[in-house]
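Number of protein chains: 2
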Amino acid sequence: MDIVKENGPITGEQIADRLHLTRSTLRPDLAILTMAGYLDARPRVGYFYSGKKTGQAISDTMTKWKVKDFQSVPVVIQEHISVYDAICQLFLEDVGSMFVVNKSGILTGVVSRKDLLRISIGNQDLNKMPVHMMMTRMPNITVCHKEDSLLSAAQLLMDRQIDSLPVVKRRDDGLEVVGRVTKTTITRAFLALADEHDI
Amino acid sequence: MDIVKENGPITGEQIADRLHLTRSTLRPDLAILTMAGYLDARPRVGYFYSGKKTGQAISDTMTKWKVKDFQSVPVVIQEHISVYDAICQLFLEDVGSMFVVNKSGILTGVVSRKDLLRISIGNQDLNKMPVHMMMTRMPNITVCHKEDSLLSAAQLLMDRQIDSLPVVKRRDDGLEVVGRVTKTTITRAFLALADEHDI
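Protein chains in written order, with the UniProt record's numbering: chain Y, 1 to 199; chain X, 1 to 199.
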């Protein structure tokens, strides 16, 4: 495969030479690689790399994809803002969850559409209540890291029955939010998988 | 592959016999199938089918999966119930969207967490407002069908930027809701893909 990738089009004879094999020894292997679509063969021209991403490559892709390849920009709010302002921010950014940070930019909480809906049907004054009063607090927040596999992040979303995961970076004073992974992220990856492999 | 599947463990000699080939002609093919993990070989026992689903099978799986293979149970509400009751139902069922039907059970609207949050921060009396006053109405609802590919449903969720799709069945008087596809559904499929193929 490597020889053909670098030198194609190349004849079976030439490939055999480079591998110190006879043409007939090599023939079945080339036949299988051609049938499987890894190589293309043209009479009197030789073999060339088809460029087709193969089925096997899909599982490679799934294994290799990391959180950092798909994460989106996190929406971050300060913990002292009001619940009302948080709801406005949610609509403005059109996201399902926001991450709450303290003055040093360290993750302290998460608020979701569901949390905000629950509080807004209570009889509270949403303008007077700070968001940190009703957020889900650390350490009850499930996080992931840039280098985690996207698969493990998807598994966390399902296992914990949550809508989003903050992607965090460890700092001396706590966790900094650097990204966001949601079920939208995973849906995008599912489509990318099909797209990259011409399904 | 078929011979080994049906008769394994079977020796290379026996496979060659059945194909009217010599053992040496067959050797490279068996070597490749073994290296690729399609077949397992055990000395003095023979070849047997590894049972491993191959990479190629992943794209087959993705192509074959239909909405009906993954859809979940829809949460359906009547259009005359109050917004307040709709919100309670949403929390009770713990879903992101609900489908609204008329007395004949025909789809007339959709309400999402986002819609309900928007209405609940207004100054309306949620107990007095019927849900049909604020729902997204037909024909502005994107739907899918049981036999659609899961990929096309995922594409719709992304293209229309929506959280859920009702799976519908056509009736003389309109569309009946028979299922639900969400980004959670697609995340589940993404994980099932990896799981089924031992990634």
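C-beta: ideal position from N, C-alpha, C; glycine also.
Three or more C-beta pairs below 8 Å linking the region 98 to 112 of chain X and the region 169 to 188 of chain X: yes
Inter-stretch contact at 8 Å, needing at least 3 Cβ pairs: the region 111 to 119 of chain Y / the region 31 to 46 of chain Y: no
Could you confirm whether any beta carbon from chain X is found closer than 7 Å to the beta carbon of His-197 of chain Y? Here residue 197 of chain Y refers to the residue found at position 197 of the first sequence. Closer than 7 Å: yes.
Under the three-state reduction of DSSP, which class applies to Glu-176 of chain X: helix, strand or coil? Within the second sequence, numbered from 1, the residue matching residue 176 of chain X stands at position 176. Three-state DSSP puts Glu-176 of chain X in a strand.
Which residue or residues does DSSP assign as beta-bridge partners of Ile-32 of chain X? Start at 1 with the first residue of the second sequence, and residue 32 of chain X comes out as number 32. According to DSSP, which records beta bridges pairwise, Ile-32 of chain X is partnered with nothing at all.
Starting from Arg-188 of chain X, find everything on chain Y with Cβ-Cβ shorter than 7 Å and list it in chain order. In the second sequence, residue 188 of chain X corresponds to position 188, counting from 1. Near Arg-188 of chain X (Cβ distances below 7 Å), the residues of chain Y are Met-158.
Helix, strand or coil at Tyr-38 of chain X [DSSP, three-state]: Reading the second sequence from its first residue, position 38 is the one you call residue 38 of chain X. Correct three-state label for Tyr-38 of chain X: coil.
Restricting to Cα atoms, I'd like to know which of X:Met-62, X:Asn-127, X:Leu-90 and X:Leu-33 is closest to Ser-152 of chain X. As a first step, residue 152 of chain X is located in the second sequence; it is residue number 152 there, counting from the start. That would be X:Met-62, whose Cα lies nearest to the Cα of Ser-152 of chain X.
Less than 7 Å between the beta carbons of Phe-99 of chain X and Val-73 of chain X, yes or no? In the second sequence, residue 99 of chain X corresponds to position 99, counting from 1. In the second sequence, residue 73 of chain X corresponds to position 73, counting from 1. Taking 7 Å as the Cβ cut-off, Phe-99 of chain X and Val-73 of chain X do not qualify as a contacting pair.
Check the DSSP bridge columns for Gly-122 of chain Y and list the partner residues they point to. Here residue 122 of chain Y corresponds to residue number 122 of the first sequence, with the count starting at 1. For Gly-122 of chain Y, which the question treats as bridged, DSSP gives no partner whatsoever.
Per-residue DSSP class, three states only, for Lys-103 of chain Y: Within the first sequence, residue 103 of chain Y is the residue found at index 103, counting from 1. Coil, per DSSP.
Please go through the same chain and pick out, in chain order, the residues whose beta-carbon is closer than 7 Å to the beta-carbon of Met-129 of chain Y, but skip the five residues on each side of it. In the first sequence, the residue the question calls residue 129 of chain Y occupies position 129. Here the set comprises Ser-82 and Val-83.
Do Asp-29 of chain Y and Pro-28 of chain X have their C-beta atoms closer together than 7 Å? Within the first sequence, residue 29 of chain Y is the residue found at index 29, counting from 1. Within the second sequence, residue 28 of chain X is the residue found at index 28, counting from 1. Yes. Within cutoff.
By Cβ distance, which residues of its chain are closer than 8 Å to Asp-69 of chain Y, with the 5 residues on each side in sequence left out? By one-based count along the first sequence, residue 69 of chain Y stands at place 69. The answer, listed in chain order, is Leu-150.
Could you list which residues in chain X have their beta carbon closer than 7 Å to that of Gln-155 of chain Y, in chain order? What you label residue 155 of chain Y is simply residue 155 of the first sequence in a count that begins at 1. The contacting residues are Leu-191.
How long is the line joining the alpha carbons of Thr-11 of chain X and Thr-25 of chain Y, rounded to whole angstroms? Position 11 of the second sequence, counting from 1, holds the residue named residue 11 of chain X. Position 25 of the first sequence, counting from 1, holds the residue named residue 25 of chain Y. Cα to Cα, the separation comes out at about 21 Å.
Using a Cβ cut-off of 7 Å, pull out every chain X residue sitting near Ser-120 of chain Y, in sequence order please. By one-based count along the first sequence, residue 120 of chain Y stands at place 120. Leu-117, Ser-120 and Ile-121, listed in chain order.
CB of Gln-14 of chain Y within 7 Å of CB of Val-167 of chain Y, strictly: Within the first sequence, numbered from 1, the residue matching residue 14 of chain Y stands at position 14. Within the first sequence, numbered from 1, the residue matching residue 167 of chain Y stands at position 167. Not closer than 7 Å, so no.
Considering only residues of the region 121 to 172 of chain Y, which uninterrupted alpha helix (DSSP H) runs meet the minimum length of 4 residues and lie entirely inside it, listed in chain order? 150 to 159
What separation, rounded to the nearest whole angstrom, lies between the Cα atoms of Cys-144 of chain Y and Val-181 of chain Y? Within the first sequence, numbered from 1, the residue matching residue 144 of chain Y stands at position 144. Within the first sequence, numbered from 1, the residue matching residue 181 of chain Y stands at position 181. If I take the Cα positions, the gap works out to 9 Å.
Top-ranked residue by Cα proximity to Arg-137 of chain Y, from Y:Val-67, Y:Ser-112, Y:Met-158 and Y:Asn-7: In the first sequence, residue 137 of chain Y corresponds to position 137, counting from 1. If we check each option's Cα against that of Arg-137 of chain Y, Y:Ser-112 comes out closest.
Buried or exposed by the 16-neighbour rule on C-beta atoms within 10 Å, applied to Lys-183 of chain X: The count along the second sequence starts at 1 and reaches residue 183 of chain X at position 183. Flag for Lys-183 of chain X reads buried.
Met-135 of chain Y versus His-80 of chain Y - alpha carbon distance: Taking the first sequence and counting its residues from 1, the one referred to as residue 135 of chain Y is at position 135. Taking the first sequence and counting its residues from 1, the one referred to as residue 80 of chain Y is at position 80. Rounded to whole angstroms, Met-135 of chain Y to His-80 of chain Y spans 11 Å at the Cα level.
Taking 7 Å as the CB-CB limit, is Ala-16 of chain X close to chain Y? Counting from 1 along the second sequence, the entry for residue 16 of chain X is found at position 16. No, Ala-16 of chain X does not count as interfacial toward chain Y.
So if I threshold CB-CB distances at 7 Å, which residues from the region 18 to 44 of chain Y count as touching chain X? Pro-28, Asp-29 and Ile-32
Is Phe-190 of chain Y closer than 7 Å to Ile-186 of chain X when the C-beta atoms are compared? Position 186 of the second sequence, counting from 1, holds the residue named residue 186 of chain X. Position 190 of the first sequence, counting from 1, holds the residue named residue 190 of chain Y. Contact: yes.
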